[in-house]
């Protein structure tokens, strides 16, 4: 990526990773916001890129005829022209409400060196030329989205105006300097003005837009799930910021089905201390919960050989006779197997400064008979409040679950009523040592944030609001 593309690379942090078409009009699951501070940083990065690009402008050879009093007619030529200096100052990148972005450079200096020669009859003159021009640049960039949910960027307006020309011609011929100033100055201005905008247009068309279009359109989380970051509409520019809206839906990679959940309306606070903000709604996490629950990831089974030898509770009918007397008479000297199912799908709840999750399970106990058949003997209901913890690093959202107190209830028994309190130790042991570590291992892998390549986040801050998390960060573009 080169040229003007680099102006937007650190800016359009979220404009990638689209999957299925974005739903126009639907609430986004995730919003990326670029503040005035972020735009200021992007302008600085873009300034360096534009300086490099302007130095690549190729200047044509100028030829023409002249007619000066006392000198008469003759012919001139300027050749081997090269830009040796390009200094850009006073860059500002601002939102352009209803369109996209406006880039202005209030002061630029371009230095051109080359050779000249003049011919008149038998007269042959030649030398060097040094031209220094000063001017301003203004560019409007229109941001949009395709039906596929991919971003678009087009240049809607560009103007470059030279307001000062300083010409230095080798030699001490006043008429020659006058000739150059009168005949050439306007031609240099015209060419440079058009070349600057031509270069920016080419960079947007050939570099930036293809760069956005070839970005990966989905992020794979693991073998089960992926995340859809398709745009739900064109980026929205207001007076001080730019918002990019993403679908933010977790989906099953093998069988994608419509999601019945609706993303909430996100009312972002007015925060400007960081360059970018990501508002991640509960919709993102809860669609993930749906996917993993439907894939059976939260189901489990426990057999006696999975319990450590030194643990005081065994999954055998002999052990269970202490609180279910009838079990050993009907099923003497047999093993048990517990099947756990999380029902219904657990959903995260976001409130200011707090995350909460209620986990409900059904646990069925089966006797393993000699003929390999399994016979249900009782069924339990289990409920617990879980404490979720979410963290962020430079590229991902990660998290963990911390178990609360389990509440067990007997829902069905083939052997009569019994006290389930003795089972709590076994269920607690399994959930703490097996189920939670399994889930936390998955949460530690994290969900990727929508970032363009060559960008890194630092100075992260996290706030919990009603229905969403707000992550603020500063940005470093590593390909300057």
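Residue numbers (this note's numbering): 35 to 514. Yeah, the Cβ is synthetic: ideal placement off N, Cα and C, and Gly gets one too.
Leaving out the 5 sequence neighbours to the left and right, which residues in its chain are closer than 7 Å to residue i when beta-carbon positions are compared?
i	result
residue 332	326 and 376
residue 319	382
residue 106	154
residue 91	117, 229 and 233
residue 498	384, 386, 387, 388 and 389
Assuming residue i and residue j make a contact with CB atoms under 8 Å, what is their CB distance in whole Å?
i	j	result
residue 183	residue 291	Contact flag wrong, Cβ pair sits at about 18 Å.
residue 218	residue 312	Not quite, the Cβ-Cβ distance comes to about 53 Å (not below 8 Å), so this is no contact.
residue 16	residue 276	Lying outside 35 to 514, the shown extent of the chain, residue 16 is not represented and no answer is given.
residue 280	residue 66	7 Å
residue 272	residue 185	Actually they do not touch by this definition, with Cβ atoms about 18 Å apart.
residue 317	residue 282	6 Å
residue 225	residue 94	7 Å
Take residue i and list the residues in its own chain whose beta-carbon comes closer than 6 Å to its own, dropping the five residues that flank it on each side.
i	result
residue 395	374, 376 and 416
residue 351	361, 362, 365 and 368
residue 390	383
residue 441	417
residue 495	506
residue 452	357 and 358
residue 192	173, 231 and 234
residue 119	145
residue 99	109
residue 329	258
residue 308	506, 507 and 508
residue 137	127 and 173
residue 198	168
residue 125	77, 81 and 139
residue 288	none
residue 151	111 and 160
residue 59	Residue placement at residue 59 is flagged as unreliable, the pLDDT there being 46, under the threshold of 50; the coordinate-derived value follows with that caveat. Cβ neighbours of residue 59 beyond the five flanking positions: none.
So who's on the other strand from residue i, going by DSSP bridges?
i	result
residue 97	111
residue 509	491
residue 373	335 and 398
residue 555	Shown here, the chain extends from 35 to 514; a query on residue 555 therefore has no answer.
residue 120	144
residue 472	DSSP, once it has assigned bridges, lists no residue as partnering residue 472.
residue 387	None, per the DSSP bridge assignment.
residue 232	Answer is none; residue 232 lacks a bridge partner.
residue 173	137 and 192
residue 158	153
Give the DSSP-derived three-state secondary structure of residue i in the structure shown.
i	result
residue 331	coil
residue 153	strand
residue 480	coil
residue 133	coil
residue 254	strand
residue 499	strand
residue 67	strand
residue 263	coil
residue 38	In this prediction, residue 38 has a pLDDT of 39, which is less than 50 and means its spatial position is unreliable; nothing more can be read from the coordinates.
residue 223	helix
residue 324	helix
residue 77	helix
residue 288	coil
residue 182	coil
residue 304	coil
residue 83	helix
residue 50	Confidence in residue 50 is poor, its pLDDT being 29 and thus under 50, which makes the residue's placement unreliable; the coordinate value appears in the next sentence. Residue 50 falls in the coil class under three-state DSSP.
residue 297	coil
residue 163	strand
residue 126	strand
residue 72	helix
residue 59	Residue placement at residue 59 is flagged as unreliable, the pLDDT there being 46, under the threshold of 50; a coordinate-derived value is accordingly withheld.
Spatial neighbours of residue i within its chain, please: C-beta separation below 8 Å, excluding the five flanking residues on both sides.
i	result
residue 157	108
residue 512	488, 489 and 490
residue 354	361, 362 and 370
Where do the N-terminal and C-terminal ends of the alpha helix (DSSP H) with residue i fall, by residue?
i	result
residue 91	No alpha helix (DSSP H) holds residue 91; DSSP gives it neither H nor E.
residue 247	243–247
residue 363	359–364
residue 381	Per DSSP, residue 381 belongs to no alpha helix (DSSP H) and is neither H nor E.
residue 351	351–354
State the start and end residues of the unbroken beta strand (DSSP E) segment that holds residue i.
i	result
residue 463	No beta strand (DSSP E) contains residue 463, which is instead part of the alpha helix (DSSP H) from 458–464.
residue 185	185–203
residue 422	408–426
residue 435	430–436
residue 445	441–447
residue 315	310–315
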